[in-house]
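Chemist: I have a structure here, written as C-alpha cells, and I will follow up with some questions on it.
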Amino acid sequence: ALKVGIVGLPNVGKSTLFNAITNSKVEAANYPFATIEPNVGVVEVPDVRLDKLMNIFQSKKRVATTIEFVDIAGLIAGASKGEGLGNAFLANIRETDAICEVVRCFDNKDITHVEGTVDPIRDIEIINLELMLADEATVQKRLERIAPKIKSGDKLAKIENELLQKLKVCLSENKLLNTLDLNEEEAKILKGFQLLTAKPFIYVANVNDDELADDNQYVKQVKEYAEKLGNKVVKICAKIEEELSEATQDERTLFLSELGAEQTGLESLIKAAYDTLGLQTFFTAGPQESHSWQFKKGMTAPQCAGIIHTDFEKGFIKADVYNVKDLFELGSEKAVKDAGKMRLEGKQYIMQDGDSCFFKFNN
Ligand code: GDP
Numbered sequence: 002a003l004k005v006g007i008v009g010l011p012n013v014g015k016s017t018l019f020n021a022i023t024n025s026k027v028e029a030a031n032y033p034f035a036t037i038e039p040n041v042g043v044v045e046v047p048d049v050r051l052d053k054l055m056n057i058f059q060s061k062k063r064v065a066t067t068i069e070f071v072d073i074a075g076l077i078a079g080a081s082k083g084e085g086l087g088n089a090f091l092a093n094i095r096e097t098d099a100i101c102e103v104v105r106c107f108d109n110k111d112i113t114h115v116e117g118t119v120d121p122i123r124d125i126e127i128i129n130l131e132l133m134l135a136d137e138a139t140v141q142k143r144l145e146r147i148a149p150k151i152k153s154g155d156k157l158a159k160i161e162n163e164l165l166q167k168l169k170v171c172l173s174e175n176k177l178l179n180t181l182d183l184n185e186e187e188a189k190i191l192k193g194f195q196l197l198t199a200k201p202f203i204y205v206a207n208v209n210d211d212e213l214a215d216d217n218q219y220v221k222q223v224k225e226y227a228e229k230l231g232n233k234v235v236k237i238c239a240k241i242e243e244e245l246s247e248a249t250q251d252e253r254t255l256f257l258s259e260l261g262a263e264q265t266g267l268e269s270l271i272k273a274a275y276d277t278l279g280l281q282t283f284f285t286a287g288p289q290e291s292h293s294w295q296f297k298k299g300m301t302a303p304q305c306a307g308i309i310h311t312d313f314e315k316g317f318i319k320a321d322v323y324n325v326k327d328l329f330e331l332g333s334e335k336a337v338k339d340a341g342k343m344r345l346e347g348k349q350y351i352m353q354d355g356d357s358c359f360f361k362f363n364n
C-alpha cells in the first residue's frame, strides 16, 4: 500500500493528528493484510460514490481502498548528521511515497515551540534543509560508487552520472528535488535512488480551533510558500480532528454543518494525499460487495485487473465498463446498458476515474 510519512518539528501537533488517524481506523476484518505497526495508521479513502453503490446494489459487503500514514518521529535540526533519532528517522522516511509536513500555525503560550517563536516558513526551511542534506549525502555516496564504472566506459553509469550532477546542482541551490523538470528516463532512475526531497510534499497547516473559517497570517504564509512550489496545503485543527475521530457520526455531521464544511480536515488530507500520489479510483460493484480500488493515473484495463488479482492481468480478455456517474444519473445497471453507456473495452483501454468494471479473463 502507498505510504505517506508525517514529519514536522516537535510540538507542532503530529501525534495529535496521528491519533486522529489511528482512531478512525478501518474495519480490520476487511483489511487482513494491513500492516499493524505502532507507527502506521491505515485509513479509508473517503468516497461518497462507494456509499451510493452500496445503496444501489444493496451490497452485503463494503470495502474501501486505503492509504497508510506513517508517524515519523525524530526530525530536529541536525538529524542528517545523526542527531536525535537521525538515522532511524531517515530509514523510516525513505520507504514512504509522499511526505506530509505538519507546520505549527497556532499561537499558544502554554505550548513551547522548540525554536522559541511561531514562524511556519522558518520551520519548513529547517525541515527541508535536513532532508536536502540527507539527499546530498546520498547523491555523493552514489557518485563515489559509480566513479570506477564511468572510467571503464559503462553507458548506464554515464547516464546516471549526468543525472546525479543535475541533482547535486539542484540541492546546492537549496531547492527540493521534486522541483526538477526531468524526462521519463531520468525520472525512472531517480525513483530508484529513494531520495527524500524527490517525493511529493503536502503541507498541513495546524491552527487553533477558532481559526478554521478564515486563514490566519501563518496559514497565508504557508499557502504562498507552497503554491510557488506547486504543493498542496491542507488547513486543519489537529485537536478537533482528534475529538472528531472519537465522536459519533451524528456529532460529526453536526460539527461540520456548523462549520459549513463538507468533510473533516482529516478527510481533506487523505484526499490531498491521494491526488498528490497521482491516484484515481475504479470500482467493482454488485450485490455481494462494493469495492473501491486505487490505481495510478494512466494505467490500462489489464493493469487495473491485475490490482485485484495477478491472474486477472495475465488472462485478461476484455472488460465491461461504465462510469458510475452514469449509473447515479440513470439509476440502474440495466438503464446504463439501455442507454448504450456500458462499453466493452480491450487491452489498450486507459482506465478513468470512476469507472466500474467487470473483468473477463482466462484462467
Ligand atoms: P508533536 O510533538 O508534533 O507530536 O505534537 P503534539 O501532537 O504532541 O502536540 C503538542 C501540543 O500542541 C499538545 O499539547 C497538543 O494538545 C497541542 N496541539 C496539537 N494540535 C493543536 C491544535 O490544532 N491547536 C492547538 N491549540 N493546540 C494543539
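Heads up, the sequence shown is in the UniProt record's numbering, so the first residue is 2 and it goes up one at a time.
Glycine included, each C-beta is placed from N, C-alpha and C at the ideal position.
Tell me, please, whether the stretch 191-199 touches the stretch 123-135 by the rule of three or more beta-carbon pairs shorter than 8 Å.
Modeler: Output reads yes: the stretch 123-135 touches the stretch 191-199.
Chemist: Tell me whether K4 sits in a helix, a strand or coil according to DSSP, three-state version.
Modeler: Here residue 4 is taken as the residue at index 3 of the sequence shown, counted from 1. Strand, per DSSP.
Chemist: Give the single residue among I237, D182, L267 and E187 whose Cα lies nearest to the Cα of G231.
Modeler: As a first step, residue 231 must be located in the sequence shown, where it is residue number 230. Residue D182 is the option with its Cα nearest to G231.
Chemist: Please go through the stretch 154-180 and give each complete alpha helix (DSSP H) segment of 4 or more residues, from N-terminal end onward.
Modeler: Within the stretch 154-180, the complete alpha helix (DSSP H) runs of at least 4 residues are 156-173.
Chemist: Throw me the rounded Cβ distance for the E346 and V325 pair, which I believe falls under 8 Å.
Modeler: Counting from one through the sequence shown, the residue named residue 346 turns up at place 345. Counting from one through the sequence shown, the residue named residue 325 turns up at place 324. Not really, about 15 Å apart at Cβ, beyond 8 Å.
Chemist: Give every residue of the same chain whose Cβ lies closer than 6 Å to the Cβ of L3, excluding the five residues on either side of it in the sequence, and list them in chain order.
Modeler: Looking up residue 3 in the sequence shown gives position 2. Around L3: I68, D98 and L278.
Chemist: What is the DSSP secondary structure of V356, reduced to helix, strand or coil?
Modeler: Counted from its first residue, the sequence shown places residue 356 at position 355. Before going further, note that residue 356 is Asp rather than Val in the sequence given. Here D356 sits in strand by DSSP.
Chemist: Three-state secondary structure (DSSP) at E96?
Modeler: On the sequence shown, position 95 is the one that residue 96 refers to. Residue state, collapsed to three classes: coil.
Chemist: Which ranges does the beta strand (DSSP E) cover as unbroken runs of at least 3 residues, wholly within the stretch 206-233, from first to last along the chain?
Modeler: You should have found no qualifying run.
Chemist: Is A239 near L54, with beta carbons less than 7 Å apart?
Modeler: Mapped onto the sequence shown, residue 239 falls at position 238. Mapped onto the sequence shown, residue 54 falls at position 53. Against a cut-off of 7 Å, the Cβ pair of L54 and A239 comes out as no contact.
Chemist: Among all the DSSP beta bridges, which residues are the ones paired with K236?
Modeler: For the purposes of this step, residue 236 is taken as the residue at position 235 of the sequence shown. Paired residues: A206.
Chemist: For Q353, which option in F313, K298 and G316 has the closest C-alpha, if you only look at C-alpha atoms?
Modeler: Along the sequence shown, one-based indexing puts residue 353 at 352. Selected option, being the one with the closest Cα: K298.
Chemist: For V104, which residues does DSSP report across the bridge?
Modeler: The sequence position of residue 104 within the sequence shown is 103, counting from 1. A206.
Chemist: Does the beta-carbon of S269, which I'm using as the reference point, lie nearer than 6 Å to any heavy atom of the ligand GDP?
Modeler: Taking the first residue of the sequence shown as 1, we reach residue 269 at position 268. No.
Chemist: Start and end of the alpha helix (DSSP H) containing V13?
Modeler: Taking the sequence shown and counting its residues from 1, the one referred to as residue 13 is at position 12. Neither: V13 is in no alpha helix (DSSP H) and is coded neither H nor E.
Chemist: Are the Cβ atoms of G42 and N207 separated by less than 7 Å?
Modeler: Working through the sequence shown from its first residue, we reach residue 42 at position 41. Working through the sequence shown from its first residue, we reach residue 207 at position 206. No, they are not a contact pair.
Chemist: Are V205 and C101 closer than 7 Å when you measure CB to CB?
Modeler: Position 204 of the sequence shown, counted from the first residue, corresponds to residue 205. Position 100 of the sequence shown, counted from the first residue, corresponds to residue 101. Their beta carbons are under 7 Å apart, which means V205 touches C101 by this criterion.
Chemist: Based on Cα-Cα distance, which residue from G307, L245 and S291 lies nearest to N20?
Modeler: The residue given as residue 20 occupies position 19 in the sequence shown. The shortest Cα separation from N20 among G307, L245 and S291 belongs to L245.
Chemist: Indicate the three-state DSSP secondary structure (helix, strand or coil) for T277 in the structure shown.
Modeler: Position 276 of the sequence shown holds residue 277. Helix.
Chemist: For A119, which residues in the same chain have their Cβ closer than 7 Å to its Cβ, ignoring the five residues on either side in sequence?
Modeler: Counting from one through the sequence shown, the residue named residue 119 turns up at place 118. Checking the displayed sequence, the identity of residue 119 turns out to be Val instead of Ala. Same-chain partners within the cutoff: R105, D108 and Y219.
Chemist: Give me the pocket residues for the ligand GDP, defined as CB within less than 5 Å of any heavy atom, sorted by chain position.
Modeler: This selection yields P11, N12, V13, G14, K15, S16, T17, F107, N109, I112, N207, N209, C238, A239 and K240.
Chemist: Where does D251 land, buried or exposed, given buried means 16+ other C-beta within 10 angstroms?
Modeler: Counted from its first residue, the sequence shown places residue 251 at position 250. Classification for D251: exposed.
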